[in-house]
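Note sheet for the following structure.
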Amino acid sequence: MTSLPPGDRLTPATLATDENRLSALFGEVDDLLPLWIAEPYVDLAPAIVEAMRSRAGTGWYGYETRPGEVIDAFWSWASDRHGWTGSDLITTVSPSVGTTIGVLVDRLTSPGDGVILQPPVFTDFKPLVVGADREVVKNPLVITGGRYEMDLADLEARAADPANRLMILCNPHNPVGRVWSLDELVAVAEICARHDVFVIADEIHADLALAPHAWVPFASASEGTGVSWAAIHGPIKTFGIAGLCDTLMISDDEDVSAAFRDASSRFHLTRNNVFGIAAFTAGYADGAGWLDELLTLIAGNAALLRDGLPDGIELIEPEGTYLAWLDFRALGMDVPELAEWLATSARLALSPGHWFGREGAGFARMTIAAPTDRIVTAIDRLSDAVR
Ligand SMILES: Cc1ncc(COP(=O)(O)O)c(C=O)c1O
0 MTSLPPGDRL
10 TPATLATDEN
20 RLSALFGEVD
30 DLLPLWIAEP
40 YVDLAPAIVE
50 AMRSRAGTGW
60 YGYETRPGEV
70 IDAFWSWASD
80 RHGWTGSDLI
90 TTVSPSVGTT
100 IGVLVDRLTS
110 PGDGVILQPP
120 VFTDFKPLVV
130 GADREVVKNP
140 LVITGGRYEM
150 DLADLEARAA
160 DPANRLMILC
170 NPHNPVGRVW
180 SLDELVAVAE
190 ICARHDVFVI
200 ADEIHADLAL
210 APHAWVPFAS
220 ASEGTGVSWA
230 AIHGPIKTFG
240 IAGLCDTLMI
250 SDDEDVSAAF
260 RDASSRFHLT
270 RNNVFGIAAF
280 TAGYADGAGW
290 LDELLTLIAG
300 NAALLRDGLP
310 DGIELIEPEG
320 TYLAWLDFRA
330 LGMDVPELAE
340 WLATSARLAL
350 SPGHWFGREG
360 AGFARMTIAA
370 PTDRIVTAID
380 RLSDAVR
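Numbering follows numbering that gives the first Met the number 0, with no gaps: position 56 of the sequence shown is 55.
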């Protein structure tokens, strides 16, 4: 049994998370330990919970105009935590990351155009591209010495094809946990500028960089390169409130922002959720202490995995996100075997790597924003299953 590190103060989430999907995805397995969805499996920031109670207590849930403070709350947070001030940028509210990507793909490309993705990557990107009759163009990440990097020469070749109009960058990267460096981001910006490829930077995990790694806004990397871009932000991953509230689209491009606003107003994407407004502002105003504790918990859990995984399973060192990307390739299982083994032998509901593209085969993703005893249990189950 691995021992618990100090500082495991966050308590387990009291409500089960989306249990219905568990059996649909992993089968009817007794005592399955769910660590698969990308959200914190701990009690959420007290400031947010209190804001929900307080908003519920008003007993009034009609139309509520979104106050200007919502966007101010984000910029005050971004400036305090990341030293990023966006006074020259245009910030627009969007119901979700997927909505922003869907609208931008629709508005900035035409059917048949190529959209560059860097697999293994977040599962929603591909359907958003394919569903719009655009082509997925892969610029796979490469793993060297246990660390993922971008293949910039391949990116240059893909970007040079005039059919490829857009790239979706994930920073920090779900699922491999890279926090891209300034140099890497500048290289992406320069390549995409040279070939007139628009960059959507999904930065929804920006607050989850793990020290000593620091997240760099694509906005900063793009300066002086001439690349066109939009970045996606918001509190949904930071505070585990994806079921509750909005996200933001940020860009320096007036035309792109206007195109988004136009779609937003045509399809009424601006409808507010009164709880969402309250959660958004409360998280950014008062959630910093909770997030610091969460980051400590994640770092401690990553250390446990680093030292405690059995032979045959390796941790890909996470630089950010609360997702651990585990390498099972040495165990020599094919895709269906690994998925079955994880659920039935290890009794763990992890996201099998092939969900993120065939480049993820042989890997699995584990959420480590969870009480440490659950990570210890997961390690013990993996060790038993390997034995
Ligand atoms: C990188 C990334 N983007 C987007 C999302 C989902 O955002 P939304 O539900 O707002 O579309 C997730 C969820 O895990 C994610 O990891």
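C-beta atoms are modelled at their ideal positions from N, C-alpha and C, and glycine is treated no differently.
Secondary structure note for residue 232: its beta strand (DSSP E) is the uninterrupted segment 228-232. By the Cβ rule, the segment 111-122 does not count as touching the segment 261-275, because fewer than three pairs are nearer than 8 Å. Leaving aside the five residues that flank residue 220 on each side, the residues in its chain whose CB is nearer than 8 Å to its CB run, in chain order, 181, 184, 185, 187, 188. Between residue 118 and residue 358 the beta-carbon gap is near 5 Å, inside 8 Å, which marks them as a contact. Relative to ligand 1, even the nearest heavy atom lies 7 Å or more away from the CB of residue 206.
Taking one beta carbon from each stretch, the segment 153-169 and the segment 191-204 have 3 or more pairs nearer than 8 Å; the two touch. Not one heavy atom of ligand 1 sits closer than 7 Å to the Cβ of residue 70.
In the displayed model, residue 143 falls within a strand according to three-state DSSP.
Distance from the Cα of residue 373 is smallest, within the candidate group 328, 197, 255, 41, for 41.
Out of 68, 165, 242, 49, the CA that lies nearest to the CA of residue 127 is found in 165. Counting the other Cβ atoms within 10 Å of the Cβ of residue 38 gives 16 or more, which makes it buried.
Non-local beta-carbon contacts of residue 343 in its own chain, meaning distances under 7 Å to residues more than five positions away in sequence, involve 28 in chain order. Beta bridge pairing from DSSP links residue 363 with 325, 351. Per the DSSP secondary-structure output, residue 166 pairs in a beta bridge with 115, 198.
Runs of the alpha helix (DSSP H) spanning 4 or more residues and lying entirely within the segment 285-335 occur at 287-307, in chain order. The beta carbon of residue 275 lies closer than 7 Å to those of 243, 244, 245 in the same chain, with the five residues before and after it left out.
C-alpha of residue 76 to C-alpha of residue 230: approximately 16 Å in a straight line.
Judged by DSSP secondary structure, residue 247 falls within the beta strand (DSSP E) whose first and last residues are 246-250. Exclusion of the five residues before and after residue 101 leaves 127 as the residues of its chain whose Cβ lies within less than 6 Å of its Cβ. In the three-state reduction of the DSSP assignment, residue 215 falls in the coil class, being assigned neither a helical nor a strand state. Annotation for residue 169 indicates a beta carbon within 7 Å of some heavy atom of ligand 1.
By DSSP's assignment, residue 208 forms a beta bridge with 319. Distances from the CA of residue 89 to each of 367, 256, 150, 294 were compared; the closest alpha carbon is that of 256. Exclusion of the five residues before and after residue 179 leaves 170 as the residues of its chain whose Cβ lies within less than 6 Å of its Cβ. When secondary structure is reduced to three states using DSSP, residue 236 falls in the coil class, being assigned neither helix nor strand.
Approximately 4 Å separates the beta-carbon atoms of residue 350 and residue 364; this is inside 8 Å, confirming the contact. If you look at residue 382, you'll find it in the alpha helix (DSSP H) that goes 371-385. By a beta-carbon distance limit of 8 Å, residue 235 contacts residue 241. Their separation comes to about 4 Å. DSSP places residue 120 in the coil class of the three-state scheme, outside both helix and strand. DSSP places residue 190 inside the alpha helix (DSSP H), whose first and last residues are 181-193.
Contact between residue 190 and residue 151 holds, with the beta-carbon distance rounding to 7 Å and staying under 8 Å.
Scanning the segment 51-139 from its first residue to its last, the whole beta strand (DSSP E) runs of 3-plus residues come out as 89-93, 113-116, 134-137. Pairing residue 21 with residue 34, the inter-Cα distance amounts to about 10 Å. Between residue 73 and residue 232, the beta carbon gap of about 7 Å places them in contact (Cβ cut-off 8 Å).
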